[in-house]
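S.K.: Residue numbers (the working numbering): 1287 to 1696.
#1: Quick check on residue 1404: buried or exposed, where buried means 16 or more other Cβ atoms within 10 Å of its Cβ?
#2: DSSP state of residue 1291, grouped into three classes?
#3: Leaving aside the five residues before and after residue 1623 along the sequence, list all residues of the same chain whose C-beta is less than 6 angstroms from its C-beta, in chain order.
#4: Kindly indicate which three-state DSSP category residue 1494 falls into: helix, strand or coil?
#5: Using alpha carbons as the reference points, say which of 1559, 1551, 1617 and 1546 lies closest to residue 1566.
#6: Just mark residue 1370 as buried or exposed, buried being the case when its beta carbon has 16 or more other beta carbons within 10 Å.
#7: Please look up how many angstroms separate the CB atoms of residue 1666 and residue 1694, rounded, as I've assumed it's under 8 angstroms.
#8: Can you give me the start and stop residues for the beta strand (DSSP E) that residue 1587 sits inside?
#9: Taking the straight line between their C-alpha atoms, what separation do you get for residue 1637 and residue 1592?
#10: Rounded to the nearest angstrom, how far is the Cβ of residue 1346 from that of residue 1358, given a contact under 8 angstroms?
#11: Report yes if the CB atom of residue 1537 is closer than 7 angstroms to the CB atom of residue 1588, and no otherwise.
#12: To the nearest angstrom, report how far apart residue 1336 and residue 1437 are at their CA atoms.
#13: For the beta strand (DSSP E) that residue 1427 lies in, which residues bound it at each end?
#14: Ends of the beta strand (DSSP E) at residue 1647?
#15: Taking C-beta to C-beta, are residue 1654 and residue 1640 nearer than 7 angstroms?
#16: Can you give me the Cβ contacts of residue 1455 inside the same chain, cut-off strictly under 6 angstroms, excluding the 5 residues immediately before and after it?
#17: Where residue 1675 and residue 1467 are concerned, what is the direct C-alpha to C-alpha distance, given to the nearest angstrom?
#18: List, from N- to C-terminal side, the beta strand (DSSP E) runs of 3 residues or more that fit wholly inside the segment 1481-1544.
#19: Along the chain, where does the beta strand (DSSP E) containing residue 1313 start, and where does it finish?
#20: For residue 1570 and residue 1504, which I take to be in contact (beta-carbon distance under 8 angstroms), what is that distance rounded to the nearest angstrom?
#21: Please classify residue 1533 as buried or exposed, where buried requires at least 16 other C-beta atoms within 10 Å of its C-beta.
#22: Can the beta-carbon of residue 1398 be found closer than 7 angstroms to that of residue 1409?
#23: Excluding the five sequence neighbours on either side, which residues of its own chain have a C-beta within less than 6 angstroms of the C-beta of residue 1292, listed in chain order?
#24: Tell me whether the beta-carbon of residue 1300 lies closer than 7 angstroms to the beta-carbon of residue 1342.
#25: Counting C-beta neighbours from all protein chains within 10 Å, is the total for residue 1476 16 or more, i.e. buried, or is it exposed?
#26: Quick one: residues in its chain with C-beta nearer than 8 angstroms to the C-beta of residue 1373, no 5 flanking neighbours on either side, listed in chain order?
#27: With H, G and I counted as helix, E and B as strand and the rest as coil, what does DSSP make of residue 1299?
#28: Less than 7 angstroms separating the beta-carbons of residue 1525 and residue 1480?
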């Protein structure tokens, strides 16, 4: 079971990257299916290229972007007008063509905002834009050795903001007091893997484990659950790459549904996918006992799965779509978006009972998914989209690399 940390989100709130319950879906609202220029409520240029996903809280939109060579957090109102812009330290620009120095998305607990950047800046910000505290994890713990750009977003619990670093070198999970920024604990998390297998870009999840709030971390080809009091590992599952394949980093964030963690792994982009179903519960090393099912014919490399009404939905890197029964791993149905040279990097959204999936070339596909797959629209935005779509009632927010869009009713 996923828990929402310390956030009690009302309909229309989107307090972190994958939404209030980390499922990538919402049962409320009815965002648009197809749109033309008249249905673009507004379009606002951002100060620099970014790939993070906006968050929504109390009629405010918060998004990170570089500004004049510095990391920044922006606040906008529902009309798209900028309310404030807060700058931090120097930006460390992205090196992947679909990366940036602000891949991680902001998060809120309803009392403040938390941001992290590739530069190492971790900060707490008040809703008026004032910095409450900031620190730099690269300066404190050394540079990351990730082949590409840091993508893990901050994770909030009742007491802590948590960050992880999974790379070749000293990997760790660390908890910081939300009010002061003081580090409360830091747990090493190191596993021997084939080349690049220790590189991780996924975001941890706060879950209920054996009756208590705990942290689930995916990276270095291991799924671990950590006690939130001191960070110690209380549960671990390995065996995700017994063949020893190289160049298999952990990118897609798992979803948890009905006591099962569904983990997309492997290189779906190169025709070698893996999709794992791992039973939660218990303690210790559960590698031999909790691996419920495995598929080697379907998966995702970058886009994270979506959980919705008892099923898991996948959008593969080339646009293959599947509805999966998480208990068995079997497909209820499979289909695909139209083929193109561009790939899918954004994680999909289910809202209004429909699947919304942006492709990197800026085409946003919308499909009906009740009793099968039916493509109903493809909307060309005219610029690359790497961030994930965000719903709010009958509106949809889309973060392009250069602009933030609001589509829907005026």
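Beta carbons are placed, not taken as given, at the ideal position from N, Cα and C, and that holds for glycine.
M.R.: From the atom records:
#1: Residue 1404 is buried by the Cβ-count criterion.
#2: Unreliable placement is indicated for residue 1291, whose pLDDT of 48 sits below 50; the coordinate value is still reported in the next sentence. In the three-state reduction of the DSSP assignment, residue 1291 falls in the coil class, being assigned neither a helical nor a strand state.
#3: Excluding residues within five positions, the ones whose Cβ falls inside 6 angstroms are 1605 and 1651.
#4: Strand at residue 1494.
#5: Distances from the CA of residue 1566 to each of 1559, 1551, 1617 and 1546 were compared; the closest alpha carbon is that of 1546.
#6: The residue in question, residue 1370, is exposed, as its Cβ has fewer than 16 Cβ neighbours within 10 Å.
#7: Rounded, the Cβ-Cβ distance is 17 angstroms, inconsistent with contact.
#8: Run containing residue 1587: none; DSSP gives neither H nor E here.
#9: Near 11 angstroms, if we compare the C-alpha coordinates of residue 1592 and residue 1637.
#10: Not really, about 16 angstroms apart at Cβ, beyond 8 angstroms.
#11: Yes, these two residues count as a Cβ contact at 7 angstroms.
#12: Using only the alpha carbons, I get a separation of about 12 angstroms.
#13: DSSP places residue 1427 in no beta strand (DSSP E) but in the uninterrupted alpha helix (DSSP H) bounded by 1423-1427.
#14: Taken as a continuous stretch (DSSP letters only), residue 1647 belongs to no beta strand (DSSP E), as it is neither H nor E.
#15: The beta carbons of residue 1654 and residue 1640 sit closer together than 7 angstroms.
#16: Within its own chain, the residues whose Cβ lies closer than 6 angstroms to the Cβ of residue 1455, once the five positions on either side in sequence are excluded, are 1431, listed in chain order.
#17: As the crow flies, the alpha-carbon of residue 1675 is around 30 angstroms from that of residue 1467.
#18: The qualifying runs are 1491-1495, 1498-1505, 1508-1513, 1519-1523 and 1541-1543.
#19: According to the DSSP assignment, residue 1313 belongs to no beta strand (DSSP E), since it is labelled neither H nor E.
#20: Not quite, the Cβ-Cβ distance comes to about 18 angstroms (not below 8 angstroms), so this is no contact.
#21: Label assigned to residue 1533: exposed.
#22: No, the Cβ-Cβ distance between residue 1398 and residue 1409 is not below 7 angstroms.
#23: Low confidence applies to residue 1292: its pLDDT is 46, below 50, so where it sits in the model is not reliable, and the reading given next is rough at best. Result list for residue 1292: 1395 and 1444, in chain order.
#24: Between residue 1300 and residue 1342, the CB-CB gap stays under 7 angstroms.
#25: Its Cβ having fewer than 16 others within 10 Å, residue 1476 is exposed.
#26: Spatial neighbours of residue 1373 in its own chain (CB-CB distance under 8 angstroms, excluding positions within 5 residues in sequence) are listed in chain order as 1353, 1354, 1356, 1357 and 1358.
#27: Coil.
#28: Contact annotation: residue 1525 and residue 1480 have beta-carbon atoms that are not nearer than 7 angstroms.
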